[in-house]
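Engineer: Here you go, one structure.
Protein chains in written order, with my numbering: chain A, 1 to 212; chain B, 1001 to 1212.
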């Protein structure tokens, strides 16, 4: 989380070209990677997008892969915090309540860190950095599946769908947000979080229709 | 659907190099576009992947964009058929039943045409071909949202979530399959279709938990 945040005051020698500190370069890189694809984007493309020379970028960043690593860490650090905190056992809090909390807080992370989460969800394992990110995603998936299994075991969730499949589909629905959600669009993130929990936990069908 | 299917018998002059007819080239191109990204893949890359010369590929295909167009048509033609057939009004079939049928048959299309649907879901509108595909996707989205609205209007679905949002989240869950589903993996496509309809329509929570 140290790499993205309010831009620091520009050092004096760059006065007159504000916004080109390391966090700003990272934000533009993530936007470009999502728009054109990571592999198809060169440091030259990034320089052109920023209106900088390539040497000026290398003053701030050692490589394209460093930018990818920092972008993926931004998404993964947040998601790991949410899953660790919300899924952790606490007195008097059922697995069912913790699962609902993970879903709700995951929606908040996706909305607040949409560009870096989008990049994370497109990673295919083409490099060491990508393989390490996939390893961290797998850890998250395992924790989520275990939480679903706990909720089934305590009797809160239906037991006729395998927990690992429930977890994939539930967070597949959550993750699909990155494809269309716009912070300035029709839906507040709380509306989306309410909709997802209503659909996933209580179902779309009205009670009369449950028998259909 | 005419472009993908069993390979036609190879013409006599290509005997000894079976599998390099147009459908086989298309299949390899889709696999490569998904693995490396469409923009990052050149016809030279495709030639290398197939062990062919570039002129040999151009004997079958006029351009990379033609391959993309055929791949996207493969996915879109199937999805359009499903949505048109299953969502169409029929005597004695409720909108709720038609929506469940669309979900179930969409899962079948995703599983049977996973590579081309994966490509479709990654299209960003970078060319005429991609913009036309996005236009066809929008038509499908509108039809699905209208079907959800019909099911709400007939009283089958909860009315406290906007139909367009329900449609996005429901098919977001369906579409998330392309990221992890493997035909030879742990789950048969019928198990996945059952799980999605159970989660989306009836909810994960057991009835005792509905009050939580």
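Glycine included, each C-beta is placed from N, C-alpha and C at the ideal position.
Secondary structure at residue 182 of chain A, three-state DSSP: helix, strand or coil?
Structural biologist: Coil.
Engineer: Return the CA-CA distance between residue 1045 of chain B and residue 1077 of chain B, expressed in angstroms with no decimal places.
Structural biologist: Taking the straight line joining both Cα atoms gives about 28 Å.
Engineer: Per DSSP, residue 1090 of chain B forms a beta bridge with which residues?
Structural biologist: Note: residue 1090 of chain B sits in a beta bridge opposite B/1093.
Engineer: Please report the distance separating the alpha-carbon of residue 122 of chain A from that of residue 115 of chain A.
Structural biologist: Taking the straight line from one Cα to the other gives about 11 Å.
Engineer: Does DSSP put residue 205 of chain A in a helix, in a strand, or in coil?
Structural biologist: Three-state result, residue 205 of chain A: strand.
Engineer: For residue 1157 of chain B, does the three-state DSSP call read helix, strand or coil?
Structural biologist: Residue 1157 of chain B: strand per DSSP, three-state reduction.
Engineer: Who are the neighbours of residue 1184 of chain B on chain A, taking C-beta pairs under 8 Å?
Structural biologist: By Cβ distance, chain A contributes nothing, its closest Cβ being about 16 Å from residue 1184 of chain B, past 8 Å.
Engineer: In chain B, which residues lie less than 9 Å from residue 198 of chain A when you measure between Cβ atoms?
Structural biologist: In chain order: 1158, 1160, 1161, 1203.
Engineer: When the Cα atoms are used, what is the spatial distance from residue 88 of chain A to residue 1170 of chain B?
Structural biologist: Between residue 88 of chain A and residue 1170 of chain B, the C-alpha separation is close to 28 Å.
Engineer: So which residues on chain A does residue 1088 of chain B lean against when the C-beta distance must stay under 7 Å?
Structural biologist: Ordered by position in chain A, no residue passes the 7 Å Cβ test against residue 1088 of chain B, which lies about 19 Å from the chain.
Engineer: So what does DSSP say about residue 193 of chain A, is it helix, strand or coil?
Structural biologist: Residue 193 of chain A: helix per DSSP, three-state reduction.
Engineer: Which same chain residues end up closer than 6 Å to residue 1132 of chain B when comparing Cβ atoms and leaving out the 5 residues on each side of it in sequence?
Structural biologist: If we look at residue 1132 of chain B and ignore the five residues flanking it on each side, it has no Cβ neighbours.
Engineer: Taking C-alpha atoms, which residue in A/184, A/96, A/203 lies nearest to residue 155 of chain A?
Structural biologist: That would be A/96, whose Cα lies nearest to the Cα of residue 155 of chain A.
Engineer: To the nearest angstrom, report how far apart residue 151 of chain A and residue 1204 of chain B are at their CA atoms.
Structural biologist: Cα-Cα distance, rounded: 10 Å.
Engineer: With residue 1116 of chain B as the anchor, note down where its alpha helix (DSSP H) starts and where it stops.
Structural biologist: Its alpha helix (DSSP H) spans residues 1114 to 1122.
Engineer: Going along the chain, which residues of its own chain have a beta-carbon closer than 8 Å to the beta-carbon of residue 1100 of chain B, five neighbours each way excluded?
Structural biologist: Answer for residue 1100 of chain B: 1197, 1201, listed in chain order.
Engineer: Taking 8 Å as the cut-off, decide whether the C-beta atoms of residue 148 of chain A and residue 166 of chain A are in contact.
Structural biologist: Cβ distance < 8 Å, so residue 148 of chain A and residue 166 of chain A count as in contact.
Engineer: Taking C-alpha atoms, which residue in A/138, A/72, A/125 lies nearest to residue 113 of chain A?
Structural biologist: Among A/138, A/72, A/125, the Cα nearest to that of residue 113 of chain A is on A/72.
Engineer: Just mark residue 37 of chain A as buried or exposed, buried being the case when its beta carbon has 16 or more other beta carbons within 10 Å.
Structural biologist: So residue 37 of chain A counts as buried.
Engineer: Mind reading off the beta-carbon distance from residue 106 of chain A to residue 79 of chain A? Whole number of angstroms is fine, and I expect it under 8 Å.
Structural biologist: Contact holds; Cβ gap of about 7 Å.
Engineer: Hey, could you find the ends of the alpha helix (DSSP H) residue 1167 of chain B is sitting in?
Structural biologist: Taken as a continuous stretch (DSSP letters only), the alpha helix (DSSP H) holding residue 1167 of chain B covers 1163 to 1175.
Engineer: List the residues of chain A that residue 1039 of chain B touches, going by C-beta distances under 8 Å, in chain order.
Structural biologist: The answer, in chain order, is 36, 37, 40.
Engineer: Could you give the uninterrupted runs of the alpha helix (DSSP H) lying entirely in the segment 1017 to 1067 of chain B, keeping only those of 4 residues or more?
Structural biologist: Runs found: 1022 to 1036, 1043 to 1050, 1054 to 1058.
Engineer: For residue 1172 of chain B, return the contacting residues in chain A, with the cut-off set at a CB-CB distance below 9 Å.
Structural biologist: 172, 173, 174, 175, 176, 177, 179, 180, listed in chain order.
Engineer: So residue 1168 of chain B contacts chain A; which residues on that side make the cut at Cβ distance below 8 Å?
Structural biologist: Ordered by position in chain A, the residues that pass the 8 Å Cβ test against residue 1168 of chain B are 176, 180.
Engineer: 8 Å is my cut-off, CB to CB: does residue 195 of chain A come that close to chain B?
Structural biologist: Closer than 8 Å: yes.
Engineer: May I ask you to verify whether the segment 1156 to 1165 of chain B touches the segment 1177 to 1196 of chain B, counting CB pairs closer than 8 Å and requiring at least 3?
Structural biologist: Touching, no, given that fewer than three Cβ pairs across the two stretches are closer than 8 Å.
Engineer: Can you check whether the C-beta of residue 1131 of chain B is within less than 8 Å of a C-beta belonging to chain A?
Structural biologist: Not an interface residue.
Engineer: Using Cβ-Cβ distances below 9 Å, what residues of the segment 110 to 132 of chain A are close to chain B?
Structural biologist: The residues in question are 121, 122, 124, 126.
Engineer: Measuring alpha carbon to alpha carbon, tell me which of B/1086, B/1026, B/1153, B/1074 ends up nearest residue 1136 of chain B.
Structural biologist: Of the listed residues, the one whose Cα sits closest to residue 1136 of chain B is B/1074.
Engineer: Measuring alpha carbon to alpha carbon, tell me which residue in B/1042, B/1068, B/1206, B/1052 is nearest residue 1117 of chain B.
Structural biologist: Nearest C-alpha to residue 1117 of chain B: B/1068.
Engineer: Under a CB-based cut-off of 8 Å, is residue 1134 of chain B close to chain A?
Structural biologist: Chain A, which has no Cβ nearer than 8 Å to the Cβ of residue 1134 of chain B, makes this no.
Engineer: What residues from the segment 48 to 72 of chain A come within 9 Å of chain C, judged by C-beta to C-beta, listed N to C?
Structural biologist: Included in the structure are the protein chains A and B, with no chain C among them.
Engineer: If we define contact as Cβ-Cβ less than 8 Å, is residue 1165 of chain B a contact residue for chain A?
Structural biologist: Output row for residue 1165 of chain B: interface = yes.
Engineer: Determine the direct distance from the alpha carbon of residue 1141 of chain B to that of residue 1199 of chain B, and round the result to whole angstroms.
Structural biologist: If I take the Cα positions, the gap works out to 21 Å.
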